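*Asks:*
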Amino acid sequence: MQIIEKILEKADPAPKSEQTDTRLNLFGFSRKELETLLGTYQIPSFRAKQIWHWLYTKGATDFAQMTTLAKPMQQRLSEEFVIRYPRISTAQESVDGTQKWLLGFDDRAKAEAECVFIPAEERGTLCISSQVGCTLNCKFCHTGTQAWVKNLDVADIVGQVVHAKTALNDWGKLEEGRALSNIVLMGMGEPLYNYDNVAKALHILMDGDGLSISKRKITLSTAGVVPLIERVGAELGVNLAISLHAVRDEVRDVIVPLNRKYPLKELLEACRNYPGATNMRRITYEYVMLAGVNDSDADAHELVRLLRDMPAKVNLIPFNPWPGAPYECSSNKRIQIFADIVHDGGLPCPVRTPRGRDILAACGQLKSDSVRKRASERSADADA
Numbered sequence: 062m063q064i065i066e067k068i069l070e071k072a073d074p075a076p077k078s079e080q081t082d083t084r085l086n087l088f089g090f091s092r093k094e095l096e097t098l099l100g101t102y103q104i105p106s107f108r109a110k111q112i113w114h115w116l117y118t119k120g121a122t123d124f125a126q127m128t129t130l131a132k133p134m135q136q137r138l139s140e141e142f143v144i145r146y147p148r149i150s151t152a153q154e155s156v157d158g159t160q161k162w163l164l165g166f167d168d169r170a171k172a173e174a175e176c177v178f179i180p181a182e183e184r185g186t187l188c189i190s191s192q193v194g195c196t197l198n199c200k201f202c203h204t205g206t207q208a209w210v211k212n213l214d215v216a217d218i219v220g221q222v223v224h225a226k227t228a229l230n231d232w233g234k235l236e237e238g239r240a241l242s243n244i245v246l247m248g249m250g251e252p253l254y255n256y257d258n259v260a261k262a263l264h265i266l267m268d269g270d271g272l273s274i275s276k277r278k279i280t281l282s283t284a285g286v287v288p289l290i291e292r293v294g295a296e297l298g299v300n301l302a303i304s305l306h307a308v309r310d311e312v313r314d315v316i317v318p319l320n321r322k323y324p325l326k327e328l329l330e331a332c333r334n335y336p337g338a339t340n341m342r343r344i345t346y347e348y349v350m351l352a353g354v355n356d357s358d359a360d361a362h363e364l365v366r367l368l369r370d371m372p373a374k375v376n377l378i379p380f381n382p383w384p385g386a387p388y389e390c391s392s393n394k395r396i397q398i399f400a401d402i403v404h405d406g407g408l409p410c411p412v413r414t415p416r417g418r419d420i421l422a423a424c425g426q427l428k429s430d431s432v433r434k435r436a437s438e439r440s441a442d443a444d445a
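Going by my numbering, the sequence shown opens with residue 62, and the numbers climb by one from there.
#1: Would you kindly work out how many angstroms separate the C-alpha atoms of GLN103 and GLN111, rounded to a whole number?
#2: Please list the terminal residues of the continuous alpha helix (DSSP H) segment that includes ARG413.
#3: Tell me the residue span of the beta strand (DSSP E) that contains GLU354.
#4: Per DSSP, what are the beta-bridge partners of CYS390 in this structure?
#5: Could you tell me whether the region 286-298 touches the region 252-260, using the rule of 3 or more Cβ pairs below 8 Å?
#6: What do you get for ASP123, buried or exposed, if any count of 16 or more other CB atoms within 10 angstroms of its CB means buried?
#7: Enumerate in chain order the residues of its own chain whose CB-to-CB distance from GLN135 is below 7 Å, with the five nearest sequence positions on each side excluded.
#8: If you pair each beta-carbon of the region 274-289 with each one of the region 304-312, do three or more pairs fall below 8 Å?
#9: Looking at C-alpha atoms only, which residue of PRO105, ALA359, ASN393 is the closest neighbour of GLU96?
#10: Label LYS428 either buried or exposed according to how many other C-beta atoms from any shown protein chain fall within 10 Å of its C-beta, with 16 as the threshold for buried.
#11: The ligand SAM and CYS195: does any heavy atom of the ligand fall closer than 8 Å to the residue's C-beta?
#12: Taking Cβ to Cβ, would you say PRO147 is nearer than 9 Å to ALA216?
#13: Would you check if there are 3 or more beta carbon pairs closer than 8 Å linking the region 307-314 to the region 333-343?
#14: Drop a sphere of 10 angstroms on the beta-carbon of VAL156, count the other beta-carbons inside from all chains shown, and report buried for 16 or more, exposed for fewer.
#15: Does the distance from the CB of LEU351 to the CB of ILE316 come in under 9 Å?
#16: Go ahead and pull the three-state DSSP assignment for SER106.
#17: Between the region 157-167 and the region 219-232, do three or more beta carbon pairs fall short of 8 Å?
#18: Looking at the strands, I want to know which residues DSSP matches up with CYS199.
#19: For GLU259, does the three-state DSSP call read helix, strand or coil?
#20: ASP314 to VAL354, Cα distance in whole Å?
#21: Kindly list the residues whose CB is nearer than 8 Å to the CB of GLY362, restricted to its own chain and excluding five residues on each side of it in sequence; keep chain order.
#22: Report back the beta-carbon spacing between ALA121 and TRP115 to the nearest angstrom; my notes put them in contact at under 8 Å.
#23: Return the CA-CA distance between PRO372 and PRO387, expressed in angstroms with no decimal places.
#24: What is the DSSP secondary structure of THR81, reduced to helix, strand or coil?
In structure tokens, the structure reads:
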């Protein structure tokens, strides 16, 4: 009964005056939850397996598409349930092929978040969001200027992947032929401040009878929520990325304010103990290059000192500007010198090539277009 109560809580019906469709959305349930729920309607468990297959290997959006179900069963399901994905508010494509979608979610807050698909020669990576807005206020990040609105639920998170697969015509393909091969939780929000929903969503993404995305092709990025880092490795086993960005507490306190709660010493100790980290599966330390802030030779040498005793890889990120940003990007020469010092110190240190800058889809640039629009409308009203 406890599982059923939790399932029914997810329906969160609107007041009667606002209701337009009271059917329960089947999208976003785990396989066990789906089986348990349908069992309360006297629908046999093998039907749950069939529905799961249609949702997560075929991308079905309607029960009528589920041809392995008899017509009477399709009709019954459509009367009781619905299949509802995030809606597309806007879609943009960069000159470099990067695609960005602003997706709206089924709630009365009219919340929206962005996800980004980055095609490359050997992989296609989808950057997904875990929250609408963010509470961390990292000073170099555009999302940090948007107030936190809500945690995305399981259907919201998985729905970003399903939407991308549909947009890319990526259903029914073998792993080596997929356009979408990798997932990174590096979009809007701090994933570990929405851990339960993120963990459940990742289990759905990794399910071998569904979307079947290997844990080795999923990376979760955190600004350093220390108490939950070990759980990520033990319970999910995905790749870990740390938004580091500074090597001294006095600097990181400013640009990543979460550091005041979990300083560098505690964060790096949690990384040393991360389950599954080896030289074959290194933790990635993301480091945005900010001119005159964190890009000196001394910073590079200190970065080597901090990380040299653990399986680590440094990913240098040229700062991606956004309107009103308080920082400038380090010069190409300074970035290369920094990278050479770290590499010579024994750490892999690639420099990330910015993608999607022209549509504000690059790292650190995500912010709901609807929020930008409301801000511009307020500015226009003030000028009138």
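C-beta: ideal position from N, C-alpha, C; glycine also. Owing to the predicted nature of the structure, the values given are computational and were not obtained by experimental measurement.
*Replies:* Looking at the atomic coordinates:
#1: Locating residue 103 in the sequence shown gives position 42, where the first residue counts as 1. Locating residue 111 in the sequence shown gives position 50, where the first residue counts as 1. Rounded to the nearest angstrom, the two C-alpha atoms are 15 Å apart.
#2: Position 352 of the sequence shown, counted from the start, is the residue given in the question as residue 413. It is not in any alpha helix (DSSP H) - ARG413 carries neither H nor E in the DSSP assignment.
#3: Within the sequence shown, the letter at position 293 stands for residue 354. According to the sequence as given, residue 354 is Val; it is not Glu. Where VAL354 is concerned, there is no enclosing beta strand (DSSP E), given that its DSSP letter is neither H nor E.
#4: Residue 390 sits at position 329 when you count from the first residue of the sequence shown. Its beta-bridge partners are LEU351.
#5: yes
#6: By 1-based counting over the sequence shown, the position of residue 123 is 62. Under this definition ASP123 is an exposed residue.
#7: Counting from one through the sequence shown, the residue named residue 135 turns up at place 74. Once the five neighbours on either side are set aside, the close Cβ partners of GLN135 are PHE124, ALA125, MET127.
#8: Touching, yes, given that three or more Cβ pairs across the two stretches are closer than 8 Å.
#9: For the purposes of this step, residue 96 is identified with residue 35 of the sequence shown, where counting begins at 1. With distances taken between Cα atoms, GLU96 lies closest to PRO105.
#10: Stepping through the sequence shown from its first residue, residue 428 is reached at position 367. Label assigned to LYS428: buried.
#11: With respect to the ligand SAM, the structure shown offers nothing to examine, as it has no ligands at all.
#12: On the sequence shown, position 86 is the one that residue 147 refers to. On the sequence shown, position 155 is the one that residue 216 refers to. Yes. Within cutoff.
#13: no
#14: For the purposes of this step, residue 156 is taken as the residue at position 95 of the sequence shown. Around the Cβ of VAL156, a 10 Å sphere holds fewer than 16 other Cβ atoms; the residue is exposed.
#15: Translated into positions along the sequence shown, residue 351 becomes position 290. Translated into positions along the sequence shown, residue 316 becomes position 255. In contact: LEU351 and ILE316 (Cβ atoms closer than 9 Å).
#16: Taking the sequence shown and counting its residues from 1, the one referred to as residue 106 is at position 45. Helix, per DSSP.
#17: yes
#18: Counting from one through the sequence shown, the residue named residue 199 turns up at place 138. DSSP, once it has assigned bridges, lists no residue as partnering CYS199.
#19: Here residue 259 corresponds to residue number 198 of the sequence shown, with the count starting at 1. First, the amino acid is wrong: residue 259 is Val here, not Glu. If DSSP states are grouped into helix, strand and coil, VAL259 belongs with the helices.
#20: Within the sequence shown, residue 314 is the residue found at index 253, counting from 1. Within the sequence shown, residue 354 is the residue found at index 293, counting from 1. Cα-Cα distance, rounded: 12 Å.
#21: Translated into positions along the sequence shown, residue 362 becomes position 301. Looking at the sequence itself, residue 362 is His, so the reference to Gly does not match. Excluding positions up to five away in sequence, the list reads ILE402, GLY406.
#22: The residue you call residue 121 lines up with position 60 of the sequence shown. The residue you call residue 115 lines up with position 54 of the sequence shown. Between TRP115 and ALA121 the Cβ distance is about 4 Å, and since that is below 8 Å, they are a contact.
#23: What you label residue 372 is simply residue 311 of the sequence shown in a count that begins at 1. What you label residue 387 is simply residue 326 of the sequence shown in a count that begins at 1. Whole-angstrom Cα-Cα distance: 33 Å.
#24: Taking the sequence shown and counting its residues from 1, one reaches residue 81 at position 20. In this structure, THR81 counts as coil in the three-state DSSP scheme.
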